[in-house]
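Here our numbering is used: the first residue of the sequence shown is 67, the next is one more, and so on. Quick reminder that beta carbons are idealized off the backbone N, C-alpha and C, glycines included. As the structure is a computational prediction, the values presented were derived from the model and not from experiment. Report on one structure; see the data block that follows.
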Amino acid sequence: MSRLDLSKNLSTIAKRARAPATSASNVYTAPGSNFSARVKLGMQPWSHSLPIFIPRDAKAPSRMEDVSAAHWDEKWSVEQIRNATSANVMLTWAPSKAKHGLPIITHGEGVYLYTSDNEKLLDWTSQAVCNNLGYTIPTAIKSAVATQLDAVPFVYGGLGLTEVRARLSSLVSEILPPGLTGCLFPSSGSEANEAAISMARRFTGRTKVLSMYRSYHGATANGAAATGDFRRWFQPSQGDYVKVQGPHNILAKLNGESEQEKVVNCLTMLEEQILYEGPSSIACMILESIPGAAGCLTYPDGYLQGIRALADKYNFLIISDEVMMGWGRTGTTWGFQHYTDSSGLGFVPDIVTSAKGLSAGVLPVSMVACSDELLSFFEENSPGYGSTYSNHPVALAAAYETVKHVLEHNVVDKVAAIAPSFRQNMEWLVERHPSILQSRSVGLFGCLDTVKPSGEIPQHGHEGRCDAFSTYLGAMRAEGLIGLCRPPLIHVAPPLVISEEELADGFMRHSRALEVLDRELGF
Ligand SMILES: Cc1ncc(COP(=O)(O)O)c(C=O)c1O
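Laid out in structure tokens, this is it:
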């Protein structure tokens with residue numbers, strides 16, 4: 067908020083605070099406020115008046131008859147929903163006035179969402195890349211949730227164990243590479259990274275955290291500080307976070323004749339950074355194995371392996387943030403499996419965090435898994451992290467059945483099978499639309515880079531969305547698509563259960579919406 071806005075807000079608050087003072091009986095005079103001693107001896111304090119306390123209406127109803135009867139109506143009209151939204155709903159990230167343009171989602175089925183305006187919208191980004199199973203939730207998941215609610219809805223993780231917590235921990239450790247055996251389950255991706263960073267610091271006794279500029283790791287203190295994109299700027303900057311430039315040719319042209327040479331140059335630069343930071347101060351490096359919000363960036367062969375080697379040399383830990391890419395999104399269970407050779411040997415982190423696809427968005431739950439070494443260290447030491455709803459049994463029941471569903475129905479293999487057709491369609495958009503510079507995709511996750519006729523970037527991520535993209539988003543909706551667009555990037559990530567026909571239909575709709583973007587950007 068600018069200084070100007072702030073002073074405007076403060077003066078409104080002050081006016082409100084002064085208003086009731088007209089009623090003398092309302093005024094409470096703080097003890098000592100009449101005190102006005104005039105003493106010559108310099109040892110006495112100055113005469114001083116404390117501010118006057120203005121009582122405010124502190125009534126908070128506790129009975130049904132004191133709140134609106136409409137809360138007991140079975141259904142609300144669109145007008146009631148819009149009115150209550152106008153009055154009370156706030157958005158996260160975006161300024162809240164954007165809420166007025168949001169659709170009212172009434173229900174979902176398959177890969178479609180339905181709105182109060184009778185629109186049928188194909189979900190083109192699985193919401194925030196989390197509703198991997200779409201909207202027809204498998205019966206097993208729904209009944210696991212109901213069964214857990216009946217058995218015991220909540221157990222505080224420090225006071226008791228539950229069967230589902232033991233089962234999910236055991237299943238997750240079987241799904242991770244050997245040696246990653248310890249598990250805890252917070253509620254969001256941000257919290258998982260919060261826990262992971264705290265664990266890395268406590269385990270190593272060091273404080274510095276390396277991370278990539280092109281990354282997002284969450285909105286909480288450590289997650290935000292580790293984040294490289296502009297969302298970090300919303301929080302005060304924290305010391306002990308060091309940002310690294312990845313090996314991607316996005317704006318800068320990296321030096322090196324071959325990919326291999328570029329990788330070696332980038333790793334050498336990173337090692338130099340480590341040496342200048344002081345290797346003994348570095349607790350961990352946190353990275354997305356495939357940066358998602360940053361634009362579906364895969365690392366060139368050898369880069370993550372090189373980071374593993376540096377971590378081993380200087381004894382810091384690697385946290386792989388699989389919050390967006392975990393659980394099959396990329397055609398493998400984990401994103402980091404893309405850096406493996408044909409014999410299955412490759413890059414393995416010390417800590418893995420995940421969320422989103424873990425419960426396919428059904429209930430909020432995330433995961434931190436760690437190596438045997440960390441597991442035994444934390445037998446004797448606190449991870450320095452906890453929250454009331456960590457290991458929530460109902461959320462774990464949803465996660466456990468989701469993971470089992472993904473295994474039983476070969477969801478990961480199906481994503482790998484449909485991935486080539488997804489990639490072809492992404493490339494088709496590049497060919498057809500001058501406003502699309504290039505595409506990248508892995509599994510069912512893809513990103514389009516937009517471009518102006520001059521060859522420049524239409525806008526940077528931190529800049530407010532320009533009119534061209536707002537008009538394009540309107541065209542998406544008119545074409546029956548709902549999805550995320552963070553200019554200059556356009557993400558495509560439909561639910562993992564999408565069929566070939568639905569995919570082809572989605573790309574046709576997307577292409578028609580992109581015709582609008584072509585025009586709006588001046589092609
Ligand atoms: C890679 C990554 N890490 C962490 C987060 C934060 O997760 P959450 O929004 O559940 O807190 C996200 C969210 O998009 C993410 O994509």
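Any non-hydrogen atom of ligand 1 within 6 Å of residue i CB
i: M390; result: yes
i: S256; result: yes
i: D378; result: no
i: A262; result: no
i: L283; result: The sequence as given places His at residue 283; Leu does not occur at that position. H283: yes, Cβ under 6 Å from ligand 1.
i: G358; result: yes
i: D387; result: yes
i: A421; result: yes
i: E493; result: no
i: E354; result: yes
Length of the line joining the Cα atoms of residue i and residue j
i: S448; j: S577; result: 52 Å
i: N259; j: I147; result: 35 Å
i: G540; j: E529; result: 19 Å
i: A485; j: W494; result: 14 Å
i: A349; j: M391; result: 24 Å
i: C249; j: S432; result: 10 Å
i: S236; j: E229; result: 11 Å
i: L583; j: P500; result: 9 Å
i: H458; j: E140; result: 29 Å
i: P117; j: A126; result: 26 Å
i: I356; j: R129; result: 51 Å
i: Y282; j: G174; result: 28 Å
i: Q504; j: G410; result: 30 Å
i: G294; j: G361; result: 13 Å
i: F269; j: G401; result: 25 Å
i: S115; j: H557; result: 59 Å
i: P454; j: A150; result: Inspection of the sequence shows that residue 454 is occupied by Thr rather than by Pro. Near 30 Å, if we compare the C-alpha coordinates of A150 and T454.
i: Y365; j: P313; result: 7 Å
i: K379; j: G358; result: 28 Å
i: I340; j: V308; result: 9 Å
i: V218; j: K208; result: 16 Å
i: T406; j: G512; result: 21 Å
i: P302; j: R498; result: 43 Å
i: G167; j: E354; result: 32 Å
i: E545; j: C551; result: 15 Å
i: W299; j: I316; result: 21 Å
i: H404; j: G368; result: 11 Å
i: G344; j: G223; result: 37 Å
i: F101; j: P111; result: The pLDDT assigned to F101 is 49, lower than 50, so where the model puts this residue is not dependable; a value taken from the coordinates is nonetheless given after this. Computed Cα separation, rounded: 11 Å.
i: G176; j: E568; result: 10 Å
i: N381; j: K328; result: 25 Å
i: R374; j: I171; result: 44 Å
i: G255; j: S113; result: 53 Å
Beta carbon of residue i nearer than 7 Å to that of residue j
i: V144; j: S182; result: yes
i: L376; j: E337; result: yes
i: A285; j: Q304; result: no
i: R280; j: L462; result: no
i: G271; j: D438; result: no
i: V414; j: P243; result: yes
i: P553; j: F535; result: yes
i: T419; j: A287; result: no
i: L587; j: P524; result: yes
i: I352; j: S277; result: yes
i: G549; j: W190; result: yes
i: S264; j: G450; result: yes
i: S425; j: T398; result: no
i: S456; j: P252; result: yes
i: L179; j: A465; result: no
i: L188; j: G452; result: no
Cutoff 7 Å: residue i Cβ touching any chain B Cβ
i: V330; result: Here chain B cannot be found, since the structure has a single protein chain.
Using 8 Å as the cut-off, can you tell me whether the region 474–493 makes contact with the region 557–564, which would need three or more C-beta pairs spanning the two stretches below that distance? yes
Taking three-plus beta-carbon pairs below 8 Å as touching, is the region 394–409 in contact with the region 319–337? no
Cβ contact check for the region 184–200 and the region 439–446: 3 or more pairs under 8 Å: no
Three or more C-beta pairs closer than 8 Å, one from the region 208–222 and one from the region 190–199: is that the case here? no
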